[in-house]
Amino acid sequence: MDTELKRQIKSSIEDKRADIIELIELGRELASDESGHINHGPNTSMGVPKNTLPKWDDIQLLTAQLAKKPLFDGETVNTQLVIGPRAKSPLVLDIPMFVSDMSYGALSKNAKIALAKGANYAGTGICSGEGGILAEELAANNRYLFEMGTARNGIKPGKEAEFFEKYNGKVKAFHFKGGQAAKTGTGGHLPGAKVTKEIAEVRHIAEGQTAISPPTYEDFTSPGEFKDFADLIREGLDGVPIGFKISANHIERDIQFALDATADYIILDGRGGSTGSAPNIFRDHISVPTIPALARARNYLDAQGIKKGASDSVTLIITGGLRVPADFIKAMALGADGIALSNSVLQAIGCVGARICNSGNCPAGIATQDQNLVNKLNIANRADDLDSFFYASTHLMQIMARACGHNSLSQFSMDDLTTWHKEISELTGIAYAGITNDFTPVELPDSAGKLALHDLISQSKIKISAVKQLESFEQLCKGVTLASGSEQAYLTQKQYVEAGYPLEIVLNTLGVGALMRLVPPVGGGNTYSSHLEPYYVGKFQISQIEWQRVTGTTPSEFKLDDNPVNKVTRQECVDFAAKLNSDLVGTGWEVSLPSVEEWIHACRAGTTTQYYSGPLPLNKQGKELSGMSPAQAHSNYMLRVGTIAPPNAYGLYDLYSYIYDFTMTNDFSSQDIYLRGGYYHGFFGSEQHSGSDPNGPAANFKSFRLALRYVGK
1 MDTELKRQIK
11 SSIEDKRADI
21 IELIELGREL
31 ASDESGHINH
41 GPNTSMGVPK
51 NTLPKWDDIQ
61 LLTAQLAKKP
71 LFDGETVNTQ
81 LVIGPRAKSP
91 LVLDIPMFVS
101 DMSYGALSKN
111 AKIALAKGAN
121 YAGTGICSGE
131 GGILAEELAA
141 NNRYLFEMGT
151 ARNGIKPGKE
161 AEFFEKYNGK
171 VKAFHFKGGQ
181 AAKTGTGGHL
191 PGAKVTKEIA
201 EVRHIAEGQT
211 AISPPTYEDF
221 TSPGEFKDFA
231 DLIREGLDGV
241 PIGFKISANH
251 IERDIQFALD
261 ATADYIILDG
271 RGGSTGSAPN
281 IFRDHISVPT
291 IPALARARNY
301 LDAQGIKKGA
311 SDSVTLIITG
321 GLRVPADFIK
331 AMALGADGIA
341 LSNSVLQAIG
351 CVGARICNSG
361 NCPAGIATQD
371 QNLVNKLNIA
381 NRADDLDSFF
391 YASTHLMQIM
401 ARACGHNSLS
411 QFSMDDLTTW
421 HKEISELTGI
431 AYAGITNDFT
441 PVELPDSAGK
451 LALHDLISQS
461 KIKISAVKQL
471 ESFEQLCKGV
481 TLASGSEQAY
491 LTQKQYVEAG
501 YPLEIVLNTL
511 GVGALMRLVP
521 PVGGGNTYSS
531 HLEPYYVGKF
541 QISQIEWQRV
551 TGTTPSEFKL
561 DDNPVNKVTR
571 QECVDFAAKL
581 NSDLVGTGWE
591 VSLPSVEEWI
601 HACRAGTTTQ
611 YYSGPLPLNK
621 QGKELSGMSP
631 AQAHSNYMLR
641 VGTIAPPNAY
651 GLYDLYSYIY
661 DFTMTNDFSS
671 QDIYLRGGYY
681 HGFFGSEQHS
691 GSDPNGPAAN
701 FKSFRLALRY
711 VGK
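Residue numbering for the sequence shown is 1 to 713, as defined by the UniProt record's numbering.
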């Protein structure tokens, strides 16, 4: 056997036995350890290998050109981030990135000060980390976020008044540490050998004493107990935002816990984030990767009515493996309000990626307390480097915002994203860039609404339409290609039909005769519906004859029976629905204008593009409607319902019509909020409009369609 073959065999045997040998050695170490400390096994530093994670580079950005216009170079793009907008004293940052939690002790004094100074130059903040407050770091940054870990370093029980006296006006935000992605659910310790006199003072322990962090808080358990302490902090620090840093494990449940505890902001740490030191078994095997974790968090917050960027919103910060401007942009489009950075800012101040942070021998003077190594880090130079990193990153983000047609970084959304990786699409809900026929059936809920609906049929308050069978998807499209996601939505609708829900009904109440189509509560893409039950939406806008049957009036400028009713006020539409409801009392079902969310969900029908036909609104001949006159758009200007725009995957017509649809909302600040569809004044969603009174004078471009939903008996 030749020497090279022997070497290969020996190497293979060693590789296969390495983990077993490591466990044998750990077992011997545990058996002889009398220190009393829990041994978590071998430790490591930095993040998990990138090839084990979903990649930001597998997500592509969609820039504007024709249907959506880019901004001109030099147009202002707002970069501001407001953390905790509903707090008494929100924290305002000039840019949406800031320095994440890294404690003094894990990092050197010089590193902490350089990070604080560089962030301050850039107009942004720095987090303390769980090790307490380093005075020089606090003095170097006036947007300081304090993290209270389970050991309560810096704010010991019973010492809260001293904390307030010392830091009120200096600490600008306060968050509880639930966990970090690389080590959650276990305690930690900083060996006594690393606890210098200054670190001991910051952590309020004795020099040389091992600093222990328990796995959870000993004095708070329930959301109510956290809320009580949060209220104490708010009072003592003049209303600063209160947050929670959580790792991406039981994401939805932990977010709800934070919401119940009155969180103003949430920092979510996904798998992929770095650490100075963590047990291998934790770093390598816990937490949801950052990309799907962020998608789930945004989806859950949206479902609770907590919308990105709203004035009363809870700020969502993402951290964990984001390094460059393209990552930051995609994270904001996926739903983050801001980004907390660790690895990239360490590299900006000189980290060389030696991956020996846990050894205390960092050659860059960052993750060490060896003064000879610490002295290598020039604070002034490295602070300037970090400032330059933030400046360049923000500049490139602004350039991409203009290219996407946004005048604020906060406007990045899912509409700006696509991916050609099916796995990424499935993990995040980002629109798949190709065509797919895959379909995963949804789990249908037990339905009281279905029984009540069939009661309505037996009472003749509604009738089954002559349309008893679903068209094929190809028949529905009728030559007009619908955007990606439509077929998934169509198949979900088909599943509900097969389960016994009528596809199309006639609202027979008071003889109105309006046709309505089934809308499933789920449908892929950007799903806006929060319904447990399917609901029904008007197949067409209410016609003149349907209006006349109920009200006895003919207000429209169009006089044909099948013209859409117009020149009606929103209140008149609400009153119209109320008359129908007088005949539905006790049935469990009610009629109204659709909510904005119901309208959007029904219109999108599983798609994530700007229009359900894709990036452009098309008429039934497949020609673009935008910019056409009514006569050009509608062959002979007949304006009959069902003749304007092709149906979407749910069989709903004219969702972008000459005339807009009223919706039911209490936000009247702008017509593009309470009106949907239409192009009389341009397409809402692609242009902004000034506000007007929705209950004001009737106009010839306002109409409506009905929604029928189960509300329970």
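The beta carbon of each residue, even a glycine, is placed where N, CA and C say it ideally should be.
Bear in mind that the values here come from a model prediction, so they are computed numbers and not experimental data.
Residue range 242 to 247 is occupied by the beta strand (DSSP E) that includes LYS245.
The Cβ atoms of PHE412 and GLN541 lie no closer than 9 Å to each other. Our two residues, ALA106 and GLY236, have alpha carbons roughly 29 Å apart in a direct line. A direct Cα-Cα distance of roughly 21 Å separates THR124 from MET400. Excluding its 5 nearest sequence neighbours in each direction, LEU115 has C-beta neighbours in its own chain below 7 Å: VAL99, ILE126, VAL345, ILE349, LEU386, listed in chain order. Each residue's CA atom was taken as its position, placing GLU130 and GLU160 some 16 Å apart. Measuring C-alpha to C-alpha distances from LYS539 to each of ILE457, PHE163, TYR653 identifies TYR653 as the nearest.
Judged by their CB atoms, ILE464 and LEU708 are not nearer to each other than the 9 Å cut-off. Runs of the beta strand (DSSP E) lying entirely within the region 281 to 329, each at least 3 residues long, are 315 to 319 in chain order. Taking C-beta separations shorter than 6 Å and ignoring five residues to either side along the sequence, the partners of CYS404 in its chain run THR63, ALA64, ASP416, following chain order.
DSSP places ILE83 in the uninterrupted beta strand (DSSP E) bounded by 81 to 83.
Annotated three-state conformation of ARG517 is strand, per DSSP.
The Cβ-Cβ distance between LEU145 and ALA173 falls below 9 Å. When DSSP assignments are scanned along the region 386 to 441, the uninterrupted stretches of alpha helix (DSSP H) that are 4 or more residues long and fall wholly within it turn out to be 422 to 428. With a beta-carbon spacing of about 5 Å, ILE113 and GLU136 fall inside the 8 Å limit used to define contacts.
With fewer than 16 other CB atoms across the displayed protein chains lying within 10 angstroms of its CB, ALA466 is exposed. DSSP, read as helix, strand or coil, puts GLY27 in helix. Looking at the DSSP output, HIS601 shares a beta bridge with no other residue. The alpha-carbon of LEU560 is positioned some 10 Å away from that of THR554. Sequence-distant Cβ neighbours of ILE59 in its own chain, meaning closer than 7 Å and more than five residues away, are LYS330, LEU417, THR419, ILE424, ILE430.
Between the alpha carbons of ALA645 and ASN563 lies a distance of about 14 Å.
In the pairwise beta carbon analysis, the region 232 to 248 is classified as touching the region 263 to 274: at least three pairs are separated by under 8 Å.
Here the alpha carbon of LEU294 sits roughly 27 Å from the alpha carbon of PHE220. The beta-bridge partner set that DSSP reports for PRO564 consists of SER543. Less than 9 Å separates the beta-carbon of GLU533 from that of PRO521. Counting along the chain, HIS175 sits inside the beta strand (DSSP E) bounded by residues 171 to 177. Cβ contact annotation for PRO647 (same chain, cutoff 7 Å, sequence separation greater than five): LEU476, TYR653, in chain order. Residue environment analysis places THR79 among the buried positions, since at least 16 neighbouring C-beta atoms fall within 10 angstroms of its C-beta. Counting along the chain, GLU160 sits inside the alpha helix (DSSP H) bounded by residues 160 to 167. For ALA211, the uninterrupted beta strand (DSSP E) run begins and ends at 211 to 213, by DSSP. Rounded to the nearest angstrom, the gap between the Cα atoms of SER393 and LYS197 is 38 Å.
When PHE473, ASN508, GLY485, GLN469 are compared, the shortest CA-CA separation from TYR501 is found for GLN469. When DSSP reads this structure, GLN369 sits in no beta bridge, so it has no partner. Between ARG152 and VAL374, the alpha-carbon positions lie close to 27 Å from each other. By alpha-carbon distance to HIS421, the top candidate from THR186, GLY434, MET414 is GLY434. Under the criterion of beta carbons closer than 8 Å, ILE659 and LYS713 do not qualify as touching, at roughly 35 Å.
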